[in-house]
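**Q**
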Amino acid sequence: MNDQILKVANELGVWIVAAPVVIMAAIQAIIYTKLARSTTKKLGIPDETCKTAFKTGLITAIGPVIAIFIIMVGMMSVIGGPISWMRLAIIGSAPTELTAAKTGADALGIQFGGPDYDLKAVATSWWTMAVNGAGWLVFVGLFCHKLEKLRTKVGGGDVKWLAVLSGAAMLGVFGYLNSGYVIKGGGNLIAVIVGAIAMVALVNITKKYPKIKEYSLGIAMLIGMFAAVLFA
Amino acid sequence: MDNKEFNQVWFKPVTKVGMWTLLTAAILSFLPSIYLYLVHGAAPSFSTALKAWGMIATLYGAFYVVEPISYYSILGLSGTYLSFLSGNISNLRLPCAGMALEVTDTKPGTKEAEVISTLGITGSVITNLIGVTLAAFVGTMLIKLFPPALADAFRNYTVPAILGAVFGQFAFKYPKLAVIGIGIPVLLRYTTGMSAWMLIIAAVFGTIGIARILYNKENKSNNTTSEA
Chain C
-9 MNDQILKVAN
1 ELGVWIVAAP
11 VVIMAAIQAI
21 IYTKLARSTT
31 KKLGIPDETC
41 KTAFKTGLIT
51 AIGPVIAIFI
61 IMVGMMSVIG
71 GPISWMRLAI
81 IGSAPTELTA
91 AKTGADALGI
101 QFGGPDYDLK
111 AVATSWWTMA
121 VNGAGWLVFV
131 GLFCHKLEKL
141 RTKVGGGDVK
151 WLAVLSGAAM
161 LGVFGYLNSG
171 YVIKGGGNLI
181 AVIVGAIAMV
191 ALVNITKKYP
201 KIKEYSLGIA
211 MLIGMFAAVL
221 FA
Chain D
3 MDNKEFNQVW
13 FKPVTKVGMW
23 TLLTAAILSF
33 LPSIYLYLVH
43 GAAPSFSTAL
53 KAWGMIATLY
63 GAFYVVEPIS
73 YYSILGLSGT
83 YLSFLSGNIS
93 NLRLPCAGMA
103 LEVTDTKPGT
113 KEAEVISTLG
123 ITGSVITNLI
133 GVTLAAFVGT
143 MLIKLFPPAL
153 ADAFRNYTVP
163 AILGAVFGQF
173 AFKYPKLAVI
183 GIGIPVLLRY
193 TTGMSAWMLI
203 IAAVFGTIGI
213 ARILYNKENK
223 SNNTTSEA
């Protein structure tokens, strides 16, 4: 993208109009945290447990967020700071957003980021990212509560089966997500395998040292990551 | 607390909040496009806008529906609203929800799990928002502190490493299902040119189906006298 276009994409006005979405994500998280806290009291869950759960989320997220941080800084030089900030605060990972931005340029028949990539093309890219993200937001916004009924039906009120069901769903989802990296091979495959083995080891180790339990996924991730760098 | 009461204090307010936050965010996400039009007069023509929409929906449209349905039994109601607003589901929300349950020894599928995993996810949302906001305002400065090799390692390998780690965490609990969970998609990738959204359905619901069969078998052998 040429400097003049990037200047517009980074101007103060764009920061201001990008902020509401980021703030919305924060507001939602705060409301749900409060709601969860008041519900845990009614359920008789100790305060300590709630704090641990929240802290675990906070800590486990650090590693992946560093990755998002690094990717985002790269993305800012391509599509501008404020729009990267807004898009990466909500649904749509960096590759999805860049695909949408590129698709917008394709619809105009212009090369993404090329010399013809003018302000109209930027507008088309931004529109395409917004309309794509809205697909998830609108579907979940409108139909999510219906999915609870579906779960009740599939679960049939059997708590033991519901636990197996969510375990099976997790393995299915992560089986699918890992399969792409397994097929790719090389460093990706090493990261997957070493990450998995490290986690199994840590699950066992943390039985003896429960204090480091909340760091275990982050540690396993780092071990997988460095193994990939060393052995790929 | 019985189901009726839980419905009143949890599901109802969660649904209300989820609906308005997601739909409002969907509308607000068009503000930058509106800004470009109002301030700079730049906007795609109506036909280009439709064309771009059609093109991107062809690529991702199936995921709008398949992902929420496939992830629902893990994330629960509030978890789904949170995850599909804040995104980064596989690398942040699911791992954090799972770890929150693991660390607090909460049984999945229960009322307690629904609420505790919510706290794990909101914790991750806060870290995420801090991260992207730092990147936005001081990112170009901070990135220089990272040795390039380290930055590359994070960029290239954090995602497969954390995906592998989460898989390991659950494989340890359900080793048989783990073989099915990874086996189905890997096999299908090698043998067919199946599109990604079909792979998700096959992997998730295939594994759930096998889990049900194994679960029924076990229950039968445990309760030989009475039918489960």
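Same order as they appear, the protein sequences are chains C and D.
So in my numbering, spot 147 of the first sequence is number 137, and the numbers just go up one at a time.
With the second sequence counted from 1, adding 2 to any position gets you my numbering.
By construction, the Cβ of each residue, glycine as well, lies at the ideal position given by its N, Cα and C atoms.
Identify the contact partners of residue 13 of chain D in chain C, using a Cβ-Cβ distance below 9 Å as the criterion.
**A** In chain order: 135, 138.
**Q** In chain E, what lies closer than 7 Å to residue 127 of chain D by C-beta?
**A** Annotation note: the requested chain E is absent from the structure, which comprises protein chains C and D.
**Q** Where does the unbroken alpha helix (DSSP H) through residue 75 of chain C begin, and where does it stop?
**A** It spans 71 to 79 - the alpha helix (DSSP H) in which residue 75 of chain C sits, taken as one unbroken run.
**Q** At 8 Å on the CB atoms, spell out the chain D contacts of residue 54 of chain C, in chain order.
**A** Correct list: 90, 93, 94, 97, 160, 161, 164.
**Q** Put residue 101 of chain C into one of helix, strand or coil per three-state DSSP.
**A** Coil at residue 101 of chain C, not helix or strand.
**Q** When you compare the CB positions of residue 111 of chain D and residue 99 of chain D, do they come within less than 9 Å of one another, or not?
**A** No.
**Q** Using CA atoms only, rank isn't needed, just tell me which of D:188, D:129, D:94 is closest to residue 208 of chain D.
**A** It is D:188.
**Q** Would you say residue 86 of chain D reaches chain C, if we count a Cβ-Cβ gap shorter than 9 Å as a contact?
**A** Chain C, which has a Cβ nearer than 9 Å to the Cβ of residue 86 of chain D, makes this yes.
**Q** Under 8 Å Cβ-Cβ, which residues of chain C neighbour residue 70 of chain D?
**A** Here the neighbours are 126, 129, 130, 133, 134, 137.
**Q** List, in order along the chain, the chain C residues whose C-beta lies closer than 8 Å to that of residue 172 of chain D?
**A** Residues of chain C passing the Cβ test: 157, 160, 161, 164.
**Q** State the DSSP-derived secondary structure class of residue -7 of chain C, mapped to helix, strand or coil.
**A** Correct three-state label for residue -7 of chain C: helix.
**Q** I think residue 172 of chain D touches residue 160 of chain C, with their Cβ atoms under 8 Å apart; what is that distance to the nearest whole Å?
**A** With 8 Å as the limit, residue 172 of chain D and residue 160 of chain C qualify as a contact, their Cβ atoms being about 5 Å apart.
**Q** Mind checking the region 192 to 212 of chain C against chain D and listing, in chain order, the residues whose C-beta falls within less than 7 Å of any C-beta there?
**A** Result list: 193, 203, 204, 207, 210, 211.
**Q** Residue 44 of chain C versus chain D: which residues are under 9 Å apart at the beta carbon?
**A** Those within 9 Å of residue 44 of chain C in chain D are 102, 121, 122, 124, 125, 128.
**Q** Would you say the region 29 to 42 of chain D touches the region 202 to 211 of chain C, given that touching needs at least three Cβ pairs under 8 Å?
**A** Verdict: no, contact absent.
**Q** Would a check of beta-carbon distances place residue 6 of chain D closer than 9 Å to chain C?
**A** It does not; no Cβ of chain C falls within 9 Å.
**Q** Could you check what DSSP says for residue 126 of chain D in three-state terms: helix, strand or coil?
**A** Helix at residue 126 of chain D.
**Q** Would the region 183 to 198 of chain C count as touching the region 196 to 216 of chain D if we require 3 or more Cβ pairs under 8 Å?
**A** At 8 Å Cβ cutoff, the stretches do not touch.
**Q** Run through DSSP, which three-state label would residue 114 of chain D get?
**A** The answer is helix: DSSP assigns residue 114 of chain D an H, G or I state.
**Q** According to the neighbour-count rule (16 or more other Cβ atoms, all chains shown, within 10 Å of its Cβ), is residue 96 of chain C buried or exposed?
**A** Per the 10 Å Cβ criterion, buried.
**Q** Ignoring anything shorter than 4 residues, give me the alpha helix (DSSP H) runs that lie fully in the region 147 to 214 of chain C, in order along the chain.
**A** Within the region 147 to 214 of chain C, the complete alpha helix (DSSP H) runs of at least 4 residues are 149 to 174, 176 to 198.
**Q** Alpha carbon to alpha carbon, how far is residue 87 of chain C from residue 59 of chain D?
**A** Approximately 13 Å between the Cα atoms of the pair.
**Q** Secondary structure at residue 230 of chain D, three-state DSSP: helix, strand or coil?
**A** Since pLDDT at residue 230 of chain D reaches only 39, below the 50 mark, its modelled position is unreliable, and the value read off the structure follows with that caveat. Here residue 230 of chain D sits in coil by DSSP.
**Q** Check whether the Cβ atoms of residue 46 of chain C and residue 102 of chain D sit closer than 9 Å, and answer yes or no.
**A** Against a cut-off of 9 Å, the Cβ pair of residue 102 of chain D and residue 46 of chain C comes out as a contact.
**Q** Give me, in chain order, the residues of the same chain whose beta-carbon lies closer than 7 Å to that of residue 172 of chain C; leave out the 5 immediate sequence neighbours on both sides.
**A** Hits under 7 Å: 179, 182.
**Q** Going along chain C in order, which residues have a C-beta closer than 7 Å to the C-beta of residue 48 of chain D?
**A** Going along chain C, no residue has its Cβ under 7 Å from residue 48 of chain D, so there is no contact; the nearest lies around 11 Å.
**Q** With a threshold of 9 Å between beta carbons, is residue 208 of chain D in contact with chain C?
**A** With 9 Å as the cut-off, residue 208 of chain D counts as an interface residue toward chain C.
**Q** Listing by chain order, which chain C residues have their CB less than 7 Å from the CB of residue 215 of chain D?
**A** The premise fails here: residue 215 of chain D is roughly 11 Å from chain C at the closest Cβ pair, so nothing lies under 7 Å.
**Q** Within 10 angstroms of the Cβ of residue 56 of chain D, are there 16 or more other Cβ atoms? Answer buried if so, exposed if not.
**A** The residue is exposed, with fewer than 16 neighbouring Cβ atoms inside 10 Å.
**Q** Leaving out the 5 sequence neighbours to the left and right, which residues in its chain are closer than 6 Å to residue 4 of chain C when beta-carbon positions are compared?
**A** If we look at residue 4 of chain C and ignore the five residues flanking it on each side, its Cβ neighbours are 72.
**Q** With distance defined between alpha-carbon atoms, name the residue in C:44, C:6, C:176, C:61 nearest to residue 150 of chain D.
**A** Of C:44, C:6, C:176, C:61, the residue nearest in Cα terms is C:61.
**Q** If the cut is a Cβ gap below 8 Å, which residues of chain C does residue 175 of chain D touch?
**A** Near residue 175 of chain D (Cβ distances below 8 Å), the residues of chain C are 157.
**Q** For residue 227 of chain D and residue 79 of chain D, what's the separation of their Cα atoms in angstroms?
**A** Its pLDDT being 44, under 50, residue 227 of chain D is placed unreliably by the model, and nothing is read from it.
**Q** Just the chain D side, please: which residues come within less than 9 Å of residue 59 of chain C by C-beta, in chain order?
**A** Per Cβ cutoff of 9 Å: 133, 134, 136, 137, 141, 144, 145, 156.
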